[in-house]
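Colleague:
Numbering (the numbering used here), first residue to last: 1027 to 1796.
1. Mapping the DSSP letters down to three states, classify residue 1235 as helix, strand or coil.
2. With DSSP as the reference, identify every bridge partner of residue 1286, one or two as the case may be.
3. Shortest alpha-carbon distance to residue 1753 belongs to which of 1792, 1683 and 1207?
4. For residue 1246, which residues from the same chain have a beta carbon less than 8 Å from its beta carbon, with the 5 sequence-adjacent residues on both sides left out?
5. Under 7 Å Cβ to Cβ from residue 1609, same chain only, skipping five residues before and after it: list those, please.
6. Nearest CA to the CA of residue 1799: which residue from 1660, 1161 and 1141?
7. If we ignore side chains and look at the alpha-carbon of each, how far apart do residue 1232 and residue 1099 end up?
8. Ordered along the chain, which non-local residues of its own chain (more than five positions away) have a Cβ less than 8 Å from that of residue 1866?
9. Check residue 1146 in the structure and name its three-state DSSP category.
10. What does DSSP give as the partner residue(s) for residue 1169 in the beta ladder?
11. For residue 1443, which residues of its own chain have a beta-carbon under 7 Å away from its beta-carbon, when the five flanking residues on both sides are left out?
12. Taking 8 Å as the cut-off, does the region 1219–1232 touch the region 1141–1156 (at least 3 CB pairs, one atom from each stretch)?
13. Is residue 1066 buried or exposed, if buried means 16 or more other CB atoms sit within 10 Å of its CB?
14. Would you mind reading off the limits of the beta strand (DSSP E) that contains residue 1521?
15. Can you tell me whether residue 1691 is helix, strand or coil according to DSSP?
16. Tell me, please, whether the region 1236–1251 touches the region 1282–1290 by the rule of three or more beta-carbon pairs shorter than 8 Å.
17. Going by Cα to Cα distance, which pick from 1708, 1710 and 1699 is closest to residue 1727?
18. So what's residue 1291 in DSSP terms, helix, strand or just coil?
19. Check residue 1761 in the structure and name its three-state DSSP category.
20. Indicate the three-state DSSP secondary structure (helix, strand or coil) for residue 1437 in the structure shown.
21. Can you list, in chain order, the residues of its chain with a C-beta nearer than 7 Å to that of residue 1296? Leave out the 5 residues immediately preceding and following it.
22. Just to confirm the assignment, what range does the alpha helix (DSSP H) spanning residue 1596 have?
23. Among the candidates 1306, 1299 and 1321, whose CA atom is the shortest distance from the CA of residue 1312?
24. Output needed for residue 1207: all residues of its chain with C-beta closer than 8 Å, excluding positions within five of it in sequence on either side, in chain order.
25. Determine, using beta carbons only, whether residue 1060 and residue 1274 come nearer to each other than 8 Å.
26. Along the beta strand (DSSP E) that carries residue 1472, what are the first and last residues, could you check?
27. Can you tell me which of 1745, 1759 and 1789 puts its alpha carbon nearest to the alpha carbon of residue 1769?
28. Roughly how many whole angstroms lie between the Cα atoms of residue 1096 and residue 1168?
29. Hey, residue 1680 and residue 1616 are a contact pair by Cβ (cut 8 Å); roughly how many whole angstroms apart?
30. Quick check: what's the CA-CA separation for residue 1094 versus residue 1157?
31. If you compare alpha carbons, which of 1130, 1466 and 1747 is closest to residue 1524?
32. Nearest to residue 1411 by alpha carbon, out of 1619, 1775 and 1429?
33. Would you grab the beta carbon distance between residue 1522 and residue 1493 for me? Rounded to a whole angstrom, and I think it's under 8 Å.
34. How about residue 1719 and residue 1742: are their beta carbons less than 8 Å apart?
35. In or out: residue 1303 buried (at least 16 other Cβ within 10 Å) or exposed?
36. Taking DSSP as the reference, what is the three-state secondary structure of residue 1251?
This is the structure in structure tokens:
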């Protein structure tokens, strides 16, 4: 027992290939949109963060520039004020230096005051070439030859620049950058003195921002902020020499732009973003951000995107597993139930669909066996007896009575036959003509079900000659009125049930009531006659022979020849409405005859006369023969069917065949429509409009157009408009909107049609074919 359970479990696991495919495809369907959405989110997040970093870099550069300018311009302003001081000017102009000691003391006081105004000024010295002395706030008055920056002073004297920021050899070794001003400010005798401010680079750099380097290139003062610079090189190395040697710095110095951004190699040889601003004071501010730093700042976005992706994919996979299991549950139950019913008759398959297919094949084989069996036993003996009774095959009364007693058919009841026939099921294309037996079987089943549910009725229901036939039986003592009311109620139940549940419109013909079983054949014939009355009057869905038949009326049968002439004359003149009116009068006169044979044959005569009329007008009758119009008319059994056929089918065809030749100057109707569409493709063409031109119904023109051309009306109109638009694009210089308007389209619709049919836009088509 346990071995059998394990084997069954293993079989179920091995045969769940469809479930696994369902899970895989569902997971792929879930993952692809999530991955695409995550990629889009990652792309836009990276772009937004990069823009934020660039904006932050710009703000940092501007802030550094503003801070530096406040300090540098303050120092330059103090230097200018000191250069204009009268004491300093007297010392330069008085070569005798009669008051030298007093002036030196006063000058040292002034230098100390100015030096203390800024924390970045380490030393201020004043050199006079007349006496070769240096006045320094740090060393006092000292001869030039004894001053530590003697070489720097000589380099300044050799320069012809009035003011400059410069990295002097000796001062730069001590970590200073020098602002020097040649004195006097005005005059033609050349420089006589130098006023220099030594600025401590380290404190100034820290004030601006960490990792800031200050250097000079020619007359340019370059203040450079290199992000995380001292993480890459040691701080005690001469950093400014390495940074000044960068190719990007050379690009900044030689550039004519006041501000720009570009990517070049950094101090470690890896890409870095260079951002710089220049001003009118020959100062350049540069911000260098290594790409590696930007990338590291974006890593959190990548990780966040990855976590979101994993979360959503995981959630999607879990939901997919759950929903796939729920969706697969009916299939699994079906598989288990099928195997329980199988009992070894169907070989187990490795795939669920193969197993279900094998089950369906087995059911199909069993169905075929059942059909063969049903054919062998159908009709049953009782049905065979009833068929013989309705067809009148019983020659002797005794044989009929004997068979009825044998098969349990009551012979002492009042009998009435009802025939139920479905209307237009073939015309509506729900069934093929050869499937009338299926329709009859369906009608009989419904009639049998209704009869079974009505306890006060009894009888026998059989499918017969494409119709449902029931023989109702009543007690012989039942009042005739009660019998008739019960029969009518049953007939109403049939029509309502078939209309509600099967959408069948049916007509029920009822024969007269007879007490002898042999007269059932007569009642059946009367029910058939009652159904024939549909041809000349519409009297509802239930036709009782006594109500529709006027047996006592004697009518002289005369064919309405004058109305036939009027109908033909109306059609020859192209007046369809008058022809329909005359046809109504024609049908009304036929209805008064109360003769099915006369009415049906009169319609055939009218149709033949119309064919003769077409032949006299040299119309090609092959169009009529191809459509089997005689057979179509013969199949119509009701007045509505016959009238609708003449009105909707034949009269439009008559007008088409006679009028299009005249209107189109000898061309066929379809050729005329071809020509009309091509000549008027710029208009809003419709099927109704073209049908009115040739005088046929739109539905008939649509069918004929499809038959003759192999395409529907709308496709041909689009093809003509497209061809005209192509011609205008090739041969004219008109704009696309003008061409679209000339062919009856908006520019948007023309673009859509070109993309659908030509796989190009109108503009690309013109460029390709001009």
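Ideal Cβ positions, reconstructed from N, Cα and C, are used throughout, including at glycine.
Modeller: Taking the geometry as given:
1. coil
2. DSSP lists 1302 as partners of residue 1286.
3. In terms of Cα proximity to residue 1753, the closest of 1792, 1683 and 1207 is 1792.
4. 1279, 1308, 1309 and 1310
5. 1593 and 1672
6. Since the displayed the chain opens at 1027 and closes at 1796, residue 1799 lies outside it and no answer follows.
7. 18 Å
8. Examination of residue 1866 is not possible in this model, given that the chain is present from 1027 through 1796 alone.
9. coil
10. 1159
11. 1495, 1497, 1537, 1546, 1549, 1550 and 1553
12. yes
13. Result: exposed.
14. Segment 1506–1527 is the alpha helix (DSSP H) holding residue 1521; no beta strand (DSSP E) there.
15. Interpretation of residue 1691 is limited by its pLDDT of 38, a score under 50 that renders its predicted location unreliable; no figure is taken from the coordinates.
16. no
17. 1699
18. strand
19. coil
20. coil
21. 1316, 1317 and 1318
22. 1587–1598
23. Ranked by Cα distance from residue 1312, the first of 1306, 1299 and 1321 is 1299.
24. 1105, 1106, 1109, 1188, 1189, 1220, 1221 and 1222
25. A distance of 8 Å or more separates the beta carbons of residue 1060 and residue 1274.
26. Here residue 1472 belongs to no beta strand (DSSP E); instead the alpha helix (DSSP H) covers 1462–1479.
27. 1745
28. 32 Å
29. Residue 1680 to residue 1616, Cβ: 20 Å. No contact.
30. 36 Å
31. 1466
32. Of 1619, 1775 and 1429, the residue nearest in Cα terms is 1429.
33. That belief does not hold up - the Cβ atoms of residue 1522 and residue 1493 are roughly 18 Å apart, past 8 Å.
34. no
35. buried
36. strand
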